[in-house]
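Asker: What the sequence shown shows, in my numbering, is residues 3 to 726, in sequence order.
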Amino acid sequence: MTKKLLALAIILTLPAVPFARAADTPAAVPDAAADPADKATTLQAVEVNAKLDRARNQLSPSVGASQYVIDSEAIERLPLGDATPLNQILLQAPGVVQDSYGQLHIRGDHGDVQYRINGVIVPESIEGFGQTLDPDIIERVQLLTGALPAQYGYRTAGVVEITTESGAHRHHGTGGDGEDDKNSGGKISLLTGSFGALQTEISLHGSGDRWSYFTTFEYAQNDVGIENPTPAYNAIHDRTHQAKGFGYFSYLLSDDMRLSFMAGVTNNRFQIPNNPDQQPSFALAGVDTFDSARLDERQREHTRFGVVSLQGHFGATDYQVSLGQRYTGVDYHPDPVGDLVFNGVAGTIHRANRASTLQADFSVPFADSTHTLRYGLHASSERPVSDSTSLVFPADAVGNQTNDVPITIVDNSQHINAKTCGLYLQDEWGIGDGLTLNYGLRADKVDAYVSEGQISPRIGFVYQFSDATALHAGYARYFTPPPTELISPTDIALFQGTTNQLPTDVNAETRSERSHYFDVGLNHKFDAHWTLGLDAYYRKVRNLLDEGQFGAALIFSPFNYDRGRIRGVEFTANYTNGNLSGYFNLSSNRAMGRKVVTGQYNFDQDELDYIATHWVHLDHDQRLTGSGGISYDWDGLKLSADFLYGSGLRRDFANSAHLPRYWQINLSAARDFDLPAIGNTNVRLAVINATDKVYQLRDGSGIGVGAPQYGPRAGAYLGLSKSF
């Protein structure tokens, strides 16, 4: 499949890639004694890169969609600055709900988030506790939701468009000397504080007359790797070690063509936190008692990806063609004795997925530039793996243990080659008088555990009433395949007659979700300071995809409801006035499902029967979600505060109740200092959950919820960063 993708990429790019001529060759890289002519050549390369960046941006329209932008300056104003994890940054956008294990829910969806870097889809990783991408790479992040144009497929609850830093025009951030014409440099930072936190990072950038690069490396450790299952200040057995790296490299083949390569690697290790004073439920030969505070469960998550892209301009056509590969894996290691006496099963679980991808996007204006035709494709070939080796006890027909000597069961999935392909064609039409219309079609086909496809129409428009007021609206038909890397085909018969036998023996293959999405929104700039926005959406769904944590291991599995309906309203406000800036978001959401039609073996029969005849709240449904922040630059002292609010996720039988509402307030102060022997350095003091509010994200009940989790307790952190 990889060879076929490569051949297709070559065929697609041949008409659009002229060979570089000798006359196009820029001057050599200037050295420290470069003359003004060399410097002019370098500046010309910066201009060429900026022109190609603009051409790349033309490939990704947002007409009709809702969009929220967070740039690097806004990230710096957050209490932890660019040490803030990416999921915490996205929580500052409207309609984004926090959950346990670092999960995000956008507009009532469980996951279903697509990440793009410089217009290239990053193949998704297996959901885990850690973050794959480092915020220091971000120059600008845009969250697209609602009725998306036709080029956006598969993961459509939210598209996170990341524009990276680059060596060609890298900003130096805080603690720097403010120079913009240096050919190389970097930044080193350190964060330390509560809960044994230590985070170090170094980033490097450079450029010459043809090439540029940007790399970042980060290592972090702390004692709150996963949310605490108890309200205590310190978690038990919750140490984490996390390492990440990212690199972006580009080379100008000519004034109209650029070759780039980006790669990332993540290696995260977690202890699973313990809940003390639990009572054993099973008898193990030779073990009289076991303290649940001494459990030693662990999980490792690792991801690596690489993408090579050819991007440029040929005649009137802008294009970008990318080939990529990603490997992701999760390994859960139980406490063999402890898991047996408390859960009746101790399973060593390995899930992995290797994906090869091809993405090609093209854009060409016509009809005196009143129309822009965009077309392209995305294809992937994946090889998912799901293996487990479990220790269990023999049991009778109703699950009662009959022997205290465990037996071993091996459940390895049949390895498949999952293929996905999508094509799109759309036209952006500037009708005039402030009206822009984007309409198109998308065709998708997936051949994995099931074979499905769909042709999806999309239409959206933006009407600019005036310079201050804009209306957008759209309709999208969506086709969302289940996340292949999370599917674990289970042989139900293997566990019958054991303490890990499943609640029911019914199981259907997970299906692709199909939905109709309607969205309308209005933005108005009242004056030079205030901008307000209001957005409403409704989604009607068949085969609604959801995910649950079933069993002892903290790994998610997808399943389908037969029908779903999701609706909501979002309000946003932004204020800027000199050194003062602030924002406020409030959203209301309702996400419901009815009748479980796949993965039924994970549910008790009484729960299945109830959901079959009642609309139930999805476990991640939260009625009200809020976020906001304020920052002020007081003569070089940068003060900031932000907050998160939630009315509570669902709990109890069939998600019939919700947890209590909560607030979390974070504070920070940052200033540049001229430190001896170090020079100009940014010093930051941050306090997370400043009021030490104790609140629960989960209480261990609800559909697909396996364990309780609490929000972070109060913590103080000191950060230092130095640019060079």
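Where is the CB? At the ideal position from N, CA and C, for every residue including glycine.
1) What whole-angstrom Cβ distance do L156 and T482 have, given they're in contact under 8 Å?
2) For the pair the region 631–649 and the region 544–553, tell me if three or more CB-CB distances fall below 8 Å.
3) Which class does N402 belong to by DSSP, given the choice of helix, strand or coil?
4) My guess is that I2 and V143 are in contact by the Cβ rule of under 8 Å, so how many angstroms apart are they, rounded?
5) Assuming Y426 is part of the beta strand (DSSP E), what are its boundary residues?
6) Reducing DSSP to helix, strand and coil, say where Q90 ends up.
7) Suppose only complete runs of 3+ residues qualify. What are the beta strand (DSSP E) ranges in the region 555–637, listed by chain order?
8) Given 7 Å as the limit, tell me if Q60 has its C-beta closer than that to any heavy atom belonging to the ligand SAH.
9) Using the Cα positions of S196 and G717, report the straight-line distance between them to the nearest angstrom.
10) For S324, does the count of other Cβ atoms within 10 angstroms reach 16, so buried, or fall short, so exposed?
11) I164 lies in the beta strand (DSSP E); which residues open and close that run?
12) In chain order, what residues of the same chain have a beta carbon less than 6 Å from the beta carbon of Q223, not counting five sequence neighbours either side?
13) What's the C-alpha gap between V65 and F463?
14) Taking DSSP as the reference, what is the three-state secondary structure of Y103?
15) Over the uninterrupted beta strand (DSSP E) stretch that includes P386, give me the two end residues.
16) Between which residues of its own chain and A318 is the CB-CB distance below 7 Å, once the five residues before and five after are set aside?
17) Please report how far the alpha carbon of A450 lies from the alpha carbon of K421, in whole angstroms.
18) Helix, strand or coil for T350? Go by DSSP, reduced to three states.
19) Should Y70 and L150 be called a contact, given that it needs their Cβ atoms to be closer than 8 Å?
20) Using a Cβ-Cβ cutoff of less than 8 Å, which residues in the same chain neighbour F655 once the five nearest sequence positions on both sides are dropped?
21) Does the Cβ of R271 have 16 or more other Cβ atoms within 10 Å, making it buried, or fewer, making it exposed?
22) Starting from F344 and walking both ways along the alpha helix (DSSP H), at which residues does that stretch end?
23) Leaving out five residues before and five after S458 in sequence, what residues of the same chain have Cβ atoms less than 6 Å from its Cβ?
24) Along the chain, where does the alpha helix (DSSP H) that runs through E2 open and close?
25) If you compare alpha carbons, which of S633, G121, Q711 and N276 is closest to I238?
26) Quick check: the Cα distance between S252 and R625, rounded to an integer number of angstroms?
27) By DSSP, does F292 sit in helix, in strand, or in coil?
28) Counting Cβ pairs, one atom from each stretch, are 3 or more of them under 8 Å apart for the region 560–570 and the region 659–679?
29) Spatial neighbours of T533 within its chain, please: CB distance less than 6 Å, with the 5 preceding and 5 following residues excluded, ordered by chain position.
30) Among residues of its own chain, excluding the 5 on either side of D298, which ones have a beta-carbon nearer than 6 Å to its beta-carbon?
31) If you follow the beta strand (DSSP E) that F272 is in, where does it begin and where does it stop?
32) Considering only C-alpha positions, which residue in the set T501, S388 and Y117 is nearest to N402?
33) For A362, collect the residues of the same chain with a Cβ closer than 6 Å to its Cβ; drop the 5 residues on either side in sequence, then sort them by chain order.
34) Give a yes or no on whether the C-beta atoms belonging to A688 and P81 are separated by under 8 Å.
35) By the 10 Å Cβ neighbour count, where 16 or more other Cβ atoms means buried, how is Y540 classified, buried or exposed?
36) Closer than 8 Å is the cut-off here; do at least three beta carbon pairs connect the region 483–493 with the region 505–518?
Answerer: Inspection of the coordinates gives the following:
1) The displayed chain sequence assigns Tyr, not Leu, to residue 156. Distance from Y156 to T482 at the Cβ level is roughly 6 Å; contact confirmed, criterion being Cβ atoms closer than 8 Å.
2) No: the two stretches stay apart, fewer than three of their Cβ pairs being nearer than 8 Å.
3) Reduced to three states, the DSSP call for N402 is coil.
4) Look at the range of the chain in this structure, 3 to 726, and you will see that residue 2 is not part of it.
5) Counting along the chain, the beta strand (DSSP E) containing Y426 begins and ends at A420 to G434.
6) Note: Q90 maps to helix in three-state DSSP.
7) For secondary structure counted as the beta strand (DSSP E) over 3 or more consecutive residues, the region 555–637 holds these complete runs in sequence order: 559–579, 582–598 and 626–636.
8) Looking for the ligand SAH in the displayed structure turns up nothing, as the structure carries no ligands at all.
9) The C-alpha of G717 is placed about 5 Å away from the C-alpha of S196.
10) In the assembly as shown, S324 is a buried residue. Its beta-carbon has 16 or more other beta-carbons within 10 Å.
11) For I164, the enclosing beta strand (DSSP E) starts and ends at G160 to T166.
12) Apart from sequence neighbours up to five positions away, the residues of its chain that approach Q223 with a beta-carbon distance below 6 Å are L200 and H243, ordered along the chain.
13) A straight line joining the alpha-carbon of V65 with that of F463 spans about 6 Å.
14) Look at Y103 here: in three-state DSSP terms it is helix.
15) Run containing P386: H373 to V394, per the beta strand (DSSP E) assignment.
16) V366 and P367, listed in sequence order.
17) If I take the Cα positions, the gap works out to 6 Å.
18) DSSP, read as helix, strand or coil, puts T350 in strand.
19) No, the Cβ-Cβ distance between Y70 and L150 is not below 8 Å.
20) Exclusion of the five residues before and after F655 leaves E609, Y612 and S703 as the residues of its chain whose Cβ lies within less than 8 Å of its Cβ.
21) Buried.
22) Residues P338 to N345.
23) Same-chain partners within the cutoff: R444, R479 and F481.
24) With the chain running from 3 to 726 in the structure shown, residue 2 is simply not present.
25) The shortest C-alpha separation from I238 is found at N276.
26) S252 and R625: Cα-Cα distance of roughly 45 Å.
27) Of the three classes helix, strand and coil, the one that applies to F292 here is coil, per DSSP.
28) Touching, no.
29) Within the same chain, T533 has close Cβ partners K527 and N576.
30) Contacts found: D337.
31) It spans M259 to Q273 - the beta strand (DSSP E) in which F272 sits, taken as one unbroken run.
32) Among T501, S388 and Y117, the Cα nearest to that of N402 is on T501.
33) Closer than 6 Å at the Cβ level, and outside the excluded window around A362, lie L14, V323, G378 and L379.
34) Judged by beta-carbon spacing, P81 lies within the 8 Å limit of A688, meaning their Cβ atoms are closer than that value.
35) Y540 comes out exposed.
36) Taking 8 Å as the limit for Cβ pairs, the verdict is that the region 505–518 does touch the region 483–493.
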